[in-house]
Structures are given as C-alpha cells and as structure tokens.
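The numbering used here puts the sequence shown at residues 1466 to 1621.
Quick reminder that beta carbons are idealized off the backbone N, C-alpha and C, glycines included.
Fair warning: this is a prediction, and the values are worked out from it, not measured in the lab.
Okay, so here's the structure we're looking at.
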Amino acid sequence: MEGGVSRWLQLMVSLAVVLVWCGAVALTLFFTKPFTVLRGWLLAGSSFLAVAGIVYAGFFWRSCHFTLTDEYIEYRRGILYQVNRRIRRSSVMAVAEVRFPFPMPQTASLLISAMGVSMLLPLLNKQDAERLFGVLLPPGPDAENEEGMDDAGNVV
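What follows is the structure in structure tokens.
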C-alpha cells in the first residue's frame, strides 16, 4: 500500500502563497511612489517569491509519501535532501492519530511507535490514514487470550 500527503494541503499552501502575494502587492502599491525603482523591485521580488512558493508546494506534495509492505513501513520526504525512515511492522507497538488545534478537513496525521523509535506520518489523506491505522494497530490482549485486564481492572 502506498500513499502520500493530502492534495488538499498543497492547494491550501498555494492559496496562502497567493494571498500573501496579493497583500505584498497591495502594500507595495499603497506605500511607494509611482514609477520608482523601489516599486518595480518590490513587485518583481514578491512575484518571484510567490511563483517559487507555488512550485515548492507542488514538489512538496509529490516528495512526501509512505510505503507499507509485509515487512516494514517506510516514509520518504524531501526535495533537495531525501530523508527515509523505516520501521519493521513486527516491532510496531502503538499507532495514534495526532490532532492539530485547528481543523484540517480530509487530512489526518499518524504517530507510529516502536521500540526505541517513532515515526510521524503528517497530513495524510483521511482514507489512507484510516487504512494504515487499521492495518498497523497491534491486536489487543483479548485477541489471543493473552494476559490483560478485565472490566474491573483485575489482571486476567
């Protein structure tokens, strides 16, 4: 199974870049005199940065993805500098969903914990995160009649 960062995130970052660019253009036009060199440089510089931000958002969306196999889960990210993290599926101890203080629809982040290491899979598609959560979550103690706790809190 493979997946990646939500496409919604790329669109939101691109929209934020365009809004910041519009604000920079408005401030430049409002606070500088017409037909000056400063106004031209500020407009050209802010336009260049806006285009660079939109291109970066596209590359970021394509560069962050995970792969789940029978043996391991691997997360790769990075545009200029690639970072690979890999955890064996047999060593996964816990899987938790990380929630942000502001709602982000259609996205979810997972924190996968293993012995001595953890891996954060940020801003995944909601469907990919739900499938990963179900596949990676280790079975509970009642699944194989192992030692666990009953409803009263006693060790069984």
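Quick one: which unbroken alpha helix (DSSP H) runs of 4-plus residues sit fully inside the stretch 1545-1585? Chain order, please. Counting only runs of 4+ residues, no alpha helix (DSSP H) is found wholly inside the stretch 1545-1585.
C-alpha gap between residue 1589 and residue 1471, whole angstroms: Straight-line spacing of the CA atoms in residue 1589 and residue 1471 works out to 5 Å.
So does the stretch 1528-1539 actually touch the stretch 1481-1488, counting three or more Cβ pairs closer than 8 Å? They do not touch, by the three-pair rule.
Taking the alpha-carbon positions, what's the residue 1575 to residue 1475 distance? Spanning the two alpha carbons is a distance of roughly 19 Å.
Nonlocal neighbours in the same chain, by C-beta distance under 7 Å from residue 1549, ignoring five residues either side: 1539, 1541, listed in sequence order.
Which residue marks the beginning of the beta strand (DSSP E) containing residue 1539, and which one marks its end? Where residue 1539 is concerned, the enclosing beta strand (DSSP E) stretches over 1537-1542.
Is the beta carbon of residue 1473 sitting closer than 8 Å to the one on residue 1592? No, they are not a contact pair.
Do residue 1489 and residue 1511 have their beta-carbon atoms positioned less than 8 Å apart in this structure? The criterion of a C-beta distance shorter than 8 Å is satisfied by residue 1511 and residue 1489.
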